[in-house]
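**Student:**
Protein chains: 2
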Amino acid sequence: MRVVSSIEEMKGLSRGLRKEDKTIAFVPTMGYLHGGHTELIRRAKGLSDVVVVSIFVNPTQFGPKEDYRSYPRDMERDLKICREEGVDVVFTPEAEEMYPEGFSTYVTVEGLSERLCGVSRPGHFRGVTTVVAKLFNIVTPHIALFGLKDYQQQLIIKKMVRELNMDVKIVTVETVRDEDGLALSSRNRYLTDNERKVSRLIPEALKRAEECVKEGVSEASCIIEEMKKVIDRKPEIMVDYIKICHPETLEDVERVEGEVLVAIAAKVGRARLIDNLIIKK
Amino acid sequence: MRVVSSIEEMKGLSRGLRKEDKTIAFVPTMGYLHGGHTELIRRAKGLSDVVVVSIFVNPTQFGPKEDYRSYPRDMERDLKICREEGVDVVFTPEAEEMYPEGFSTYVTVEGLSERLCGVSRPGHFRGVTTVVAKLFNIVTPHIALFGLKDYQQQLIIKKMVRELNMDVKIVTVETVRDEDGLALSSRNRYLTDNERKVSRLIPEALKRAEECVKEGVSEASCIIEEMKKVIDRKPEIMVDYIKICHPETLEDVERVEGEVLVAIAAKVGRARLIDNLIIKK
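Protein chains in written order, with this note's numbering: chain A, 5 to 285; chain B, 5 to 285.
1) Just to confirm the assignment, what range does the beta strand (DSSP E) spanning threonine 133 of chain A have?
2) Can you find the residues in the same chain that come closer than 6 Å, C-beta to C-beta, to tyrosine 75 of chain B, ignoring five residues on each side of it along the sequence?
3) Under 8 Å: do the segment 133 to 143 of chain B and the segment 156 to 171 of chain B share three or more Cβ pairs, one atom per stretch?
4) Taking 9 Å as the CB-CB cut-off, is leucine 168 of chain A touching chain B?
5) With H, G and I counted as helix, E and B as strand and the rest as coil, what does DSSP make of tyrosine 75 of chain B?
6) Would you list the residues sitting across from phenylalanine 95 of chain A in a DSSP beta bridge?
7) State yes or no: is the beta carbon of glycine 20 of chain A nearer than 9 Å to at least one beta carbon in chain B?
8) Do you know how far the Cα of aspartate 92 of chain A is from the Cα of valine 54 of chain A?
9) To which residues of the same chain is arginine 204 of chain A closer than 7 Å at the C-beta, ignoring the five residues directly before and after it?
10) Whose C-alpha, out of B:Phe140, B:Lys284, B:Glu229 and B:Gly262, is nearest the C-alpha of isoleucine 268 of chain B?
11) Chain B partners of glutamate 255 of chain A, CB-CB under 8 Å?
12) What residue from B:Ala137, B:Leu281, B:Thr42 and B:Glu178 has the CA that sits closest to proline 251 of chain B's CA?
13) Could you spell out the range, first to last residue, of the alpha helix (DSSP H) harbouring arginine 47 of chain B?
14) From this set, A:Leu120, A:Arg22, A:Ile28 and A:Arg46, which residue's C-alpha is nearest lysine 173 of chain A's C-alpha?
15) Find the nearest neighbour of lysine 233 of chain A within the set A:Glu223, A:Ile246 and A:Ser222, judged by alpha-carbon distance.
16) Can you have a look at proline 145 of chain B and say buried or exposed, based on whether 16 or more other CB atoms are within 10 angstroms of its CB?
17) Using a Cβ-Cβ distance cut-off of 9 Å, determine whether valine 111 of chain B contacts chain A.
18) Taking Cβ positions, are threonine 112 of chain A and threonine 176 of chain B nearer each other than 9 Å?
19) Please compile the residues from chain B whose C-beta is within a distance smaller than 9 Å of the C-beta of glycine 115 of chain A.
20) To which residues of the same chain is isoleucine 85 of chain B closer than 7 Å at the C-beta, ignoring the five residues directly before and after it?
21) Given tyrosine 103 of chain A, which residues of its chain have a CB within under 8 Å of its CB, disregarding the five upstream and five downstream residues?
22) To the nearest angstrom, report how far apart alanine 137 of chain A and cysteine 216 of chain B are at their CA atoms.
23) I need the straight-line Cα distance from alanine 99 of chain B to valine 260 of chain A, nearest angstrom please.
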């Protein structure tokens, strides 16, 4: 396994792989890898000759009051996991090289970026699309893999790729969950034992929405009320939003018809957790 | 010469050329080709195996009250010129395919895009960087050529390429001028005979700035005054700006020291004309 931190070296490596006609699959991460990441890596291995994983805690996607500094990092552990999973190249650029002084070029997907998490995290998705565009240009993957836990993110990235005519196929992978249903996330690390227990109500609320639809409820406001009842069992969960929306436009729907996205964001202790479920009627 | 209008076809063609290890040089244009464009094409031919010229009047770089609809177009004449110049591929996408309904992804170079022409043309450079990013992803050139008449544009594109880690070398080519000094531009087409004559004062004002510096004047405000005296000889010229600025940051300088950019934008009749000169002290 090769570990590369220089942008030029990574570019040269990708160029060489392309010359040799190797298919490159790319898994961009912020490190502190968990089972969701390893699932992406396994899928990537099945789809390509060479798997590149980037580990980069991207400063431009954090707000000034967010957890950029405290975001969990453990490069040694991450490299061990990558090695065990048979990753070919780990790209670990430095923030100073990714964003040299005076940096001012941004990629924005307007509209989609302002919904759901975009409301309480202005600028977040601009940071995501900018770093992903940069990483795609450096790694030049044929395929890039993203988890569906970050549903809005993968939707925005797909739109960016399509609209900027990037030559990358985006593959999405189902959310990986712990036994009690909580979606895996590097930020789960922030949770105390009690907060960890409480957090399971987040996926439970999503399941409650699914049940409601099965029971024949289709009024979005009623379903959201039912979800709130689940969440409200524990005062430690501070809801940011609970939304039922169109799975492509992310616009609120009044009634569940066809496929909808049920999405939730909440703070539990220091951790801001997100989760979602696609429900079909 | 191949003429391609489908994005997918152009992508396939570029992919094929890259596979054969051909060097692609790219000249993006809005058509209505003149001697400035043919100069770019000639330079491109000397630098590559295959020359691709795009002809696309890009709607997103025009303001709502600007000349998108009336911008001069003559595809037949353009194709003839390209054929004569030995262009290999002409890419002529449709606006509907470049910007499908709901399009909302933009590339912005903040800062530089808001100076000079960015003041009276808000959104203009966002349109330019977005279309150039798209065209680069479609054509996948090794080299792209831009004229220095659009000085601010080439500066912004170089910054975009550098900061988004695009793998394209930007080559700039000196402004081509008519015998009387007027910079070639498709918009010169708008000028009446009298306006055409009057317009030569624009490059004359730039020369006046150069003379001033040679004569030992280095106060920017004094030089601008002298330039205005030249322009004011003809009331048909409505100045948008006359600026003396740093050639990289485009920030106004108070005194000419080292290299500066002298830039001018003015309306003459229906035409908005721009020109510039780099002056060294």
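Beta carbons: idealized from backbone N, C-alpha and C, even for Gly.
**Tutor:** So, from the data block:
1) Here threonine 133 of chain A belongs to no beta strand (DSSP E); instead the alpha helix (DSSP H) covers 128 to 143.
2) The beta carbon of tyrosine 75 of chain B sits closer than 6 Å to those of Val61, all from its chain and outside the five residues before and after it, given in chain order.
3) Touching, per the Cβ criterion.
4) Yes, leucine 168 of chain A lies at the interface with chain B (some Cβ there is under 9 Å from its Cβ).
5) Residue state, collapsed to three classes: coil.
6) According to DSSP, phenylalanine 95 of chain A bridges with A:Val8 and A:Ser58.
7) The Cβ of glycine 20 of chain A sits no closer than 9 Å to any Cβ of chain B.
8) One C-alpha to the other measures close to 6 Å.
9) Asp184, Gly185 and Leu186.
10) Comparing C-alpha distances from isoleucine 268 of chain B to each of B:Phe140, B:Lys284, B:Glu229 and B:Gly262 shows the shortest one belongs to B:Glu229.
11) One finds nothing in chain B with a Cβ atom closer than 8 Å to the Cβ of glutamate 255 of chain A; even the nearest lies about 12 Å away.
12) Nearest of B:Ala137, B:Leu281, B:Thr42 and B:Glu178 to proline 251 of chain B, Cα basis: B:Leu281.
13) Its alpha helix (DSSP H) spans residues 39 to 51.
14) It is A:Ile28 whose Cα lies nearest to the Cα of lysine 173 of chain A.
15) It is A:Ile246.
16) Buried, by the Cβ-count rule.
17) Chain A, which has a Cβ nearer than 9 Å to the Cβ of valine 111 of chain B, makes this yes.
18) It is not a contact, given that the beta carbons lie outside the stated cut-off.
19) In chain order: Gly106 and Ser108.
20) Within the same chain, Leu37 and Thr42 come within 7 Å of isoleucine 85 of chain B by CB-CB distance, once the 5 residues on both sides are set aside.
21) Excluding positions up to five away in sequence, the list reads Pro63 and Thr64.
22) A straight-line Cα-Cα distance of about 46 Å links alanine 137 of chain A and cysteine 216 of chain B.
23) Cα to Cα, the separation comes out at about 36 Å.
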